[in-house]
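Asker: Residue numbers (the numbering used here): 26 to 326. We treat Cβ as the ideally placed atom computed from N, Cα and C, and that holds for glycine.
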Ligand code: H2B
Ligand code: FE
C-alpha cells in the first residue's frame, strides 16, 4: 500500500502509540502500582477522545503529581541560569511556571500560538515517529499529559508531562527554534523510510539533545537535557564530546538506555541551525506531492 501524505493536521493520526501506552512493562517504575496504571488509562482516554479545534481537556492533578512536578521544576530552576540557553530563559519567563501547579496544555498552547503559531495536541504516549514529525509540519506538537511515577521523580523511560512542558514547550515559543522544528516536520512529509530514520536522528540530536554556543560556552536547548537534572549536570560537567552538526552527514546511532549522552551536537545559533534544516528540507521538497506542498508553508531560507 502506498502511504498517504497528510494534507492537514486532522489527517495526522495520533493513535499509533509505541512503547508503553496504557500497558506498562516490568521495567517501568509504575508497573506494580494499580492506581497509577488506572490514572494513566483515564488520562490516555482523554487524549484519544480529543478532536482538533476543541479545547484540550484540563486535568486535575493529584497532590502527589503536583509534588513531583514541583520537585523537578525546583531542582532544574537552580541550574537553568548557568546552563540553559538564553532563548530558553527568555521563553520560560513567558509561561510563569509555579512549583505548586502543573500547567494545563490548553493554556500553554494558547501562548505558543501567539508567539510562533505552534499548537499542542494531546497524545496517549510515545507517538509513532512519522506521525509525530508530520505533526510538526502543521506546527503541531503532540504532548503527553500524564505524570511520571512518584517513586522516581528524576526518571522516566518515556515522555511525560514534565518532559514535554519543561523541555519542549518553552523552546517552541522561540521563533528561530520553531522554524527549525517546522523544517524537520515538512521534510518528514516527503521522507521514505530511510530518510525518516535520518530525520529522527536530526530531531534527536537537535530538539532532544542539542546545545548552542554562547560566548564559546555550550548551553542546553535540547528537551532531554533541559528536563533532566542528571543530564543537565552531565552536560554542564563538560565531559561529553561536542561535535559540529552537519545535517547532510550520517549521524550516530541513538542510544536511549545507556545513561547520559556521550556526545552533543553543537549549533552556532538557532538561525544557523534553522538554515541547515531548511536546506535539508529543500533537498527533499521534490518528494512532497504538489497539493501537500501547497498545504504547508514551505520553509524558506
Ligand atoms: N511522542 C511524544 N508523545 N512525545 C515526544 O517527544 C515524541 C514522540 N518524540 N514520538 C518523537 C517520537 C521523537 O523521539 C522522534 C521523532 O522519534
Ligand atoms: Fe521529547
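(1) Going by C-alpha distance, which of 286, 143 and 296 is nearest residue 197?
(2) With DSSP run on the structure shown, which of helix, strand or coil describes residue 127?
(3) Along the chain, where does the beta strand (DSSP E) that runs through residue 166 open and close?
(4) Residues in its own chain within less than 7 Å of residue 95 by CB, not counting five upstream and five downstream?
(5) With DSSP collapsed to three states, give me the class of residue 203.
(6) Enumerate in chain order the residues of its own chain whose CB-to-CB distance from residue 122 is below 8 Å, with the five nearest sequence positions on each side excluded.
(7) When you compare the stretch 163-182 with the stretch 216-224, are there three or more beta-carbon pairs, one atom per stretch, that lie closer than 8 Å?
(8) Along the chain, which unbroken stretches of the beta strand (DSSP E) at least 3 residues long are found entirely within the stretch 215-254?
(9) Give me every residue whose Cβ sits closer than 6 Å to any heavy atom of the ligand H2B, in chain order.
(10) Between residue 181 and residue 150, which are expected to be in contact by the criterion C-beta below 8 Å, what is the C-beta distance as a whole number of angstroms?
(11) Tell me which residues share the same chain as residue 42 and place their Cβ nearer than 6 Å to its Cβ, disregarding the 5 neighbours each side in the sequence.
(12) Per DSSP, residue 147 is paired with what?
(13) To the nearest angstrom, report how far apart residue 174 and residue 287 are at their CA atoms.
(14) Which complete alpha helix (DSSP H) runs does the stretch 67-136 hold, if anything under 4 residues is left out?
(15) For the ligand FE, is there any heavy atom lying closer than 7 Å to the beta carbon of residue 248?
(16) Could you tell me the alpha carbon to alpha carbon distance between residue 238 and residue 63, rounded to whole angstroms?
(17) Please classify residue 186: does DSSP put it in a helix, a strand, or coil?
(18) Answer with buried or exposed for residue 159, where buried requires no fewer than 16 other C-beta atoms within 10 angstroms of its C-beta.
(19) Return the first residue and the last residue of the beta strand (DSSP E) that residue 318 is part of.
(20) Check whether the Cβ of residue 192 lies closer than 7 Å to any heavy atom of the ligand FE, and answer yes or no.
(21) Would you grab the beta carbon distance between residue 179 and residue 254 for me? Rounded to a whole angstrom, and I think it's under 8 Å.
(22) At what residue ranges does the stretch 27-57 contain a whole run of the alpha helix (DSSP H), taking only runs of 4 or more?
(23) Using CA coordinates, which residue listed in 147, 93, 262 and 313 is at the minimum distance from residue 131?
(24) Could you tell me whether any Cβ in chain D is nearer than 8 Å to the Cβ of residue 250?
(25) When DSSP builds the beta bridges, which residues end up paired with residue 269?
Answerer: To lay it out plainly:
(1) Cα-wise, what sits closest to residue 197 is 143.
(2) DSSP places residue 127 in coil when its eight states are reduced to three.
(3) Taken as a continuous stretch (DSSP letters only), the beta strand (DSSP E) holding residue 166 covers 165-168.
(4) The residues are 124 and 125.
(5) Helix, per DSSP.
(6) Answer for residue 122: 98, 128, 190 and 191, listed in chain order.
(7) As far as the Cβ criterion goes, the stretch 163-182 does not touch the stretch 216-224, which means the pair count is below three.
(8) Segments of the beta strand (DSSP E) lying fully in the stretch 215-254: 236-239 and 242-245.
(9) Proximity annotation: the ligand H2B has residues 148, 151, 152, 154, 157, 158, 167, 169, 184, 225 and 228 in chain order, each selected because its CB is closer than 6 Å to a heavy atom of the ligand.
(10) Not a contact, Cβ separation roughly 11 Å.
(11) Answer for residue 42: 149 and 150, listed in chain order.
(12) Note: residue 147 sits in a beta bridge opposite 168.
(13) Just so you know, the alpha carbons of residue 174 and residue 287 end up roughly 27 Å apart.
(14) As far as the stretch 67-136 is concerned, its whole alpha helix (DSSP H) runs of at least 4 residues are 88-108 and 111-120.
(15) Residue 248 Cβ: within cutoff of the ligand FE.
(16) Residue 238 and residue 63 have their C-alpha atoms spaced approximately 44 Å apart.
(17) Residue 186 carries a helical assignment under DSSP once its states are collapsed to helix, strand and coil.
(18) A buried status is given to residue 159, since no fewer than 16 other beta-carbon atoms sit within 10 Å of its beta-carbon.
(19) First-last for residue 318: 315-320, but that is the alpha helix (DSSP H), not the beta strand (DSSP E).
(20) At least one heavy atom of the ligand FE is nearer than 7 Å to the Cβ of residue 192, so yes.
(21) With a Cβ gap of about 5 Å, residue 179 and residue 254 count as contacting.
(22) Listed in chain order, there is nothing to give.
(23) If you compare the alpha carbons of 147, 93, 262 and 313 with that of residue 131, the shortest gap goes to 147.
(24) No chain D is part of this structure, which consists of one protein chain only.
(25) For residue 269, DSSP records a beta bridge to 291.
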